[in-house]
Structures are given as C-alpha cells and as structure tokens.
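Just add 79 to wherever you are in the sequence shown, counting from 1, and you've got this note's numbering.
Using N, Cα and C, we set each Cβ at its ideal position, and we do this for glycine too.
Heads up, the thing below is written out as structure tokens.
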Amino acid sequence: MPLREEQTLPRGAFWSYAHFDDTASLGRLSKLRDRLSKGVQALTGKPFPIWFDRNDIEWGAHWEKAIEGGLNQSLLLIPILTPSWHQSDACRGEYNAFREIERARRRDDLILPIEFIKTEQKNPSEYDVQLVKGWIPC
Numbered sequence: 080m081p082l083r084e085e086q087t088l089p090r091g092a093f094w095s096y097a098h099f100d101d102t103a104s105l106g107r108l109s110k111l112r113d114r115l116s117k118g119v120q121a122l123t124g125k126p127f128p129i130w131f132d133r134n135d136i137e138w139g140a141h142w143e144k145a146i147e148g149g150l151n152q153s154l155l156l157i158p159i160l161t162p163s164w165h166q167s168d169a170c171r172g173e174y175n176a177f178r179e180i181e182r183a184r185r186r187d188d189l190i191l192p193i194e195f196i197k198t199e200q201k202n203p204s205e206y207d208v209q210l211v212k213g214w215i216p217c
C-alpha cells in the first residue's frame with residue numbers, strides 16, 4: 080500500500096530507560112544515546128535519530144501520546160536493562176507496546192536491549208526471556 084502524505088516510514092530508535100539510572104550514572108545513559116546516534120550516522124552517512132523523552136516531549140505536551148507517537152515512528156526499540164528498568168511499569172509498557180508494533184510489522188528482530196547494569200531475574204517473565212535473546216553488554 081502506498082504511503083499517504085502524512086505517513087512516514089519508521090526510522091531511528093526509541094530509547095527506553097529508567098530516569099533514575101541516567102541521574103545516578105551522572106548522565107552516562109544520555110551520553111551513550113548521543114554516541115550511538117552519531118556513531119550510526121558516521122557509519123551510514125544518514126542521521127539516526129534516537130527518540131529520547133527529555134528531548135522529544137515538548138513542555139505541556141500529553142506525554143503518553145508523545146511516547147506512543149515516538150514508539151510508532153521508531154524502527155527499533157533500545158531498552159536499557161537495569162534493575163530499575165525491570166521494576167518500572169512505564170518501561171514495561173513501552174516494551175509491550177513496541178512488541179505489538181513489531182508483530183504488526185511481521186518482525187521479531189527490532190528490539191536491541193543493552194544491559195547497562197547486570198540483573199539477576201529469578202523467575203523471568205516472557206518479556207525478560209525475549210529481551211535476553213539480543214542483549215548487548217555495556
């Protein structure tokens with residue numbers, strides 16, 4: 080089906096992280112996101128935007144709709160795995176929403192987790208097992 084004028088192809092990625100982790104690491108997650116975006120652009124010659132709530136949700140905007148839009152517009156989801164991420168309802172919600180997007184695209188390879196802080200999950204749920212299959216240690 081051809082794209083309508085207002086439709087765009089998904090591009091870039093969505094950065095799913097726990098705010099506490101970025102603060103506690105003195106901004107290391109923000110810096111990692113910037114380096115990854117610039118690194119991909121250096122390799123491809125094309126901008127690689129990574130949706131980041133602190134940059135992409137405008138003041139006064141409905142943040143849940145902004146996050147939904149960010150997920151829908153992104154080609155990839157990059158969850159930053161930490162104990163705080165696993166405990167966050169918002170992070171799990173982003174993951175679950177993107178899994179539905181991934182299924183609708185008939186793909187199963189669009190989630191690229193980064194293990195920022197090693198986590199020991201005693202009884203991993205389905206989403207934990209799915210995340211581990213493609214994790215990237217930091």
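Delimiting residues of the beta strand (DSSP E) encompassing residue i
i, result
"F93", "A92 to S95"
Residue interval of the alpha helix (DSSP H) (run including residue i)
i, result
"D101", "H98 to A103"
Presumed contact (8 angstroms Cβ cut-off) between residue i and residue j, rounded CB distance
i, j, result
"I129", "N151", "Between N151 and I129 the Cβ distance is about 15 angstroms, and since that is not below 8 angstroms, they are no contact."
"I196", "L156", "So it is not a contact: roughly 18 angstroms between Cβ atoms."
"T198", "L160", "6 angstroms"
Within-9 angstroms CB hit, residue i to chain D
i, result
"A103", "The structure shown contains no chain D, having only a single protein chain."
Residue environment, residue i, which counts as buried when at least 16 other CB atoms sit within 10 Å
i, result
"G91", "buried"
"R112", "buried"
Quiz item: Can you give, in chain order, each stretch of the alpha helix (DSSP H) that sits fully within the segment 117-170 and has at least 4 residues?
Solution: 132-135, 142-152 and 162-166
Exercise. Check whether the segment 171-180 touches the segment 93-103, taking contact to mean three or more Cβ pairs, one atom from each stretch, closer than 8 angstroms.
Key: yes
Self-check item: Any 3 or more C-beta pairs closer than 8 angstroms across the segment 107-114 and the segment 141-154
Solution: no
Quiz item: What are the complete alpha helix (DSSP H) segments, minimum 4 residues, inside the segment 168-195?
Solution: 168-183
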